[in-house]
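Numbering (full-length UniProt numbering), first residue to last: 1 to 220. Below you'll find the structure, written out as structure tokens, and then a few comments.
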Amino acid sequence: MDIGIVEIEGSYDLFTVYFYRSSIETLVTCEPSKIVGWIDDIERIHRGRLHRLIVGLDVEWRPSFSRDQNPVATLQLAVGDRCLIVQLLYCSAIPVELFRFLANASYTFVGVGIGADLEKLVEDYNLAVTNGVELRNLAADEANDRSLRNVGLKDLARRYLGAEMVKPRRVTMGRWDQEWLSTEQIRYACVDAFVCFEVGRILDASVHGSNGPSRAYIRV
Numbered sequence: 001m002d003i004g005i006v007e008i009e010g011s012y013d014l015f016t017v018y019f020y021r022s023s024i025e026t027l028v029t030c031e032p033s034k035i036v037g038w039i040d041d042i043e044r045i046h047r048g049r050l051h052r053l054i055v056g057l058d059v060e061w062r063p064s065f066s067r068d069q070n071p072v073a074t075l076q077l078a079v080g081d082r083c084l085i086v087q088l089l090y091c092s093a094i095p096v097e098l099f100r101f102l103a104n105a106s107y108t109f110v111g112v113g114i115g116a117d118l119e120k121l122v123e124d125y126n127l128a129v130t131n132g133v134e135l136r137n138l139a140a141d142e143a144n145d146r147s148l149r150n151v152g153l154k155d156l157a158r159r160y161l162g163a164e165m166v167k168p169r170r171v172t173m174g175r176w177d178q179e180w181l182s183t184e185q186i187r188y189a190c191v192d193a194f195v196c197f198e199v200g201r202i203l204d205a206s207v208h209g210s211n212g213p214s215r216a217y218i219r220v
């Protein structure tokens, strides 16, 4: 299958999301202990390259048609074939390990429109990312094409991964604040973060982070 999702048998919060040839183990949770466990696993699996770890990042919230925006409902993080979807609205407490993970200057968090996402995380939850990189700027400089600064994630996926992303309006404009996300929402959220990670990996985003030669791409 090109894009799909399967719930892991015997689990209510673990899914395998398929995106072309990739299968992404996806955890959807609001439980602090499971958030900490995911972070521990990532840092153990990638312990040999933590000094240049790339993390795909995206957020979702319920759209508001008034002046006031709703708070961030989900935070998605992707590293390799692992994705974490944190339902921030339902967390009894946000573990200090998540604050530490996001604030680690050795980790490069990549996304599209990431500046606005990071500002909203701080505003809504005081979750601060130290080292964020805008993928559109990175792509524009890599290709020497300023027009890439205005493209979307779908365009970057097509250009760098040869993959088509599906972004149905009923999902993008859906109820991200509901306690039980649909499998369609989970698939969408996972794929967004995973594609950010993959594009960041291909563009070697870590060399442009706070430990690299240039801070031109930082959006914090």
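Ideal Cβ placement from N, Cα and C applies to all residues, glycine included. Keep in mind the model is a prediction, meaning the values are calculated, not measured.
Candidates the options: closest to residue i by CA position
i: I3; options: Y18, Y12 and S11; result: Y18
i: T29; options: I85, L153 and V79; result: I85
i: V191; options: S33, G10, D13 and T26; result: T26
i: A157; options: R201, P95, D40 and E31; result: R201
i: P71; options: R175, K167 and R159; result: R175
i: residue 253; options: G115, D141 and A140; result: The requested residue 253 is not part of the displayed model; the chain covers only 1 to 220.
i: C91; options: R187, D177, I186 and Q185; result: D177
i: G111; options: P95, G152 and C83; result: G152
Burial state of residue i (16 or more Cβ within 10 Å)
i: W38; result: buried
i: T172; result: exposed
i: E60; result: buried
i: Q69; result: exposed
i: D145; result: exposed
i: E198; result: buried
i: E134; result: buried
i: A143; result: exposed
i: I8; result: exposed
i: P213; result: The pLDDT assigned to P213 is 39, lower than 50, so where the model puts this residue is not dependable; a value taken from the coordinates is nonetheless given after this. Under this definition P213 is an exposed residue.
Collapsed DSSP secondary structure at residue i in the structure displayed
i: residue 258; result: No statement about residue 258 is possible, as the shown extent of the chain runs from 1 to 220 and does not include it.
i: Q185; result: helix
i: T108; result: strand
i: G132; result: strand
i: G113; result: coil
i: I202; result: helix
i: R62; result: coil
i: S33; result: helix
Close beta carbons around residue i, own chain, < 7 Å, minus the five adjacent residues each side
i: A128; result: L102, A103 and V122
i: D204; result: none
i: R62; result: N70, A73, R175, W176 and D177
6 Å CB neighbourhood of residue i in its chain, flanking five on each side removed
i: I98; result: It is Leu, not Ile, that sits at residue 98 in the sequence shown. The answer, listed in chain order, is I35.
i: S64; result: N70
i: D23; result: In the sequence under discussion, the amino acid at residue 23 is Ser, which differs from the Asp named in the question. Contacts found: T16.
Test: residue i CB closer than 8 Å to a CB of chain C
i: E198; result: Among the protein chains of the structure shown there is no chain C, as only one such chain exists.
Item to check | At least 3 beta-carbon pairs within less than 8 Å: the segment 41–53 vs the segment 106–115 | outcome: yes
Next on the checklist: Taking contact to mean 3 or more Cβ pairs, one atom from each stretch, closer than 8 Å, check whether the segment 164–181 and the segment 115–124 are in contact.
Outcome noted: no
Item to check | Inter-stretch contact (C-beta, 8 Å, three-pair minimum) for the segment 192–203 and the segment 70–82 | outcome: yes
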